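Trainee:
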């Protein structure tokens, strides 16, 4: 779900902005405008993967462990939104070998799976071109990111 | 929904394979392994957009109107899976101006919308690089499409 990615990006920005103050998940949740329960799962993943440090409970709270310029947007995307494992429910035709008289139906699954997989690779590689520092520029100067992409694609 | 795209691709392949025989939606549905009701909607769109010709009812059926090499995969993708109009449900933070004390929360929506929109543009441009003739090669020689992408990206 894309929301998980947004939760991660927003949380890391918020921790950076308030560094070195320890931020409780409750405060973070208010900025994200989400229930604290929803974001704890993502915070736990970010903690496990070394993006943030800290603890829950009394006097607890999180701090950013890495510089925004060292956090790749694509890595964060892959971490929070894993690739689709099976495209079966998006694909037409019969399972292999069921109907030898209809090669299209027999082979659609393999061909479309490759198409969708390669398209998704391209999609993800787009995110990998940027760091959170790039995105943060856009937060304060909206339009920066669009310009950056335009320039890169020239 | 990605399934609509697969329905369109599969239908056009099937009509081409059986040209110039008129194909009823019932026969098409059997190849797609879907209920005929599910595919009629897509067939109607393909008909309206000039990909296929024909009629429903007695002696009815569809024929392909264009060559596979003239049908762009990306056009078909855009036609069957329109771009997301609003990313609001995937985005954290408050609506603009609600909380001037928290610029991150205020600005996340604009920044993430640009990020998601530009990433989706890239995703769709991948599909636009190919025609149905490219995909059909892969149906009969699986692996062709993967090779083609590899070669193009060099």
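Chains as they are written, first to last, in our numbering: chain A, 234 to 387; chain B, 234 to 387. A virtual CB, placed ideally from N, CA and C, is assigned to each residue, including glycine. Because the structure is a prediction, the values reported are computed rather than measured.
(1) Quick test of your reading: residue 365(B) and residue 306(B), contact by CB under 8 Å. State the CB separation rounded to the nearest angstrom.
(2) Beta carbons nearer than 8 Å to chain B: which residues of the segment 311-327 of chain A have them?
(3) Just checking: is the beta-carbon of residue 361(A) within a distance shorter than 8 Å of some beta-carbon in chain B?
(4) So, does the CB of residue 295(A) fall closer than 8 Å to a CB anywhere in chain B?
(5) Locate the beta strand (DSSP E) running through residue 294(A), then write down its first and last residues.
(6) My assumption, with CB atoms under 8 Å, is that residue 353(A) sits in contact with residue 316(A). Please give the rounded CB distance.
(7) DSSP state of residue 325(B), grouped into three classes?
(8) Between residue 369(A) and residue 310(A), what straight-line distance do the alpha-carbon atoms span, to the nearest angstrom?
(9) Name the chain E residues whose beta carbon is nearer than 8 Å to that of residue 344(A)?
(10) If you count every other CB in all the chains shown that lies within 10 Å of the CB of residue 321(B), and 16 or more means buried, which is it?
(11) Please confirm whether residue 265(B) and residue 313(A) have their CB atoms less than 8 Å apart.
(12) Give a yes or no on whether the C-beta atoms belonging to residue 341(B) and residue 375(A) are separated by under 8 Å.
(13) For residue 388(A), which of 356(A), 387(A), 373(A) and 248(A) has the nearest alpha-carbon?
(14) Between the C-alpha atoms of residue 269(B) and residue 371(A), what's the straight-line distance to the nearest angstrom?
(15) Roughly how many angstroms separate the alpha carbons of residue 380(B) and residue 358(A), rounded to a whole number?
(16) Just to confirm the assignment, what range does the beta strand (DSSP E) spanning residue 288(A) have?
Mentor: Reading it off the structure:
(1) 6 Å
(2) Per Cβ criterion, the list reads 320, 322, 323, 324, 325, 326 and 327.
(3) Closer than 8 Å: no.
(4) no
(5) 294-297
(6) Right, their Cβ atoms sit about 6 Å apart.
(7) It is coil, neither helix nor strand.
(8) 16 Å
(9) No chain E is present in this structure, whose protein chains are A and B.
(10) exposed
(11) no
(12) no
(13) Beyond the ends of chain A as shown, which are 234 and 387, falls residue 388(A); an answer cannot be given.
(14) Cα atoms of residue 269(B) and residue 371(A): separation of roughly 48 Å, rounded to the nearest angstrom.
(15) 18 Å
(16) 285-288
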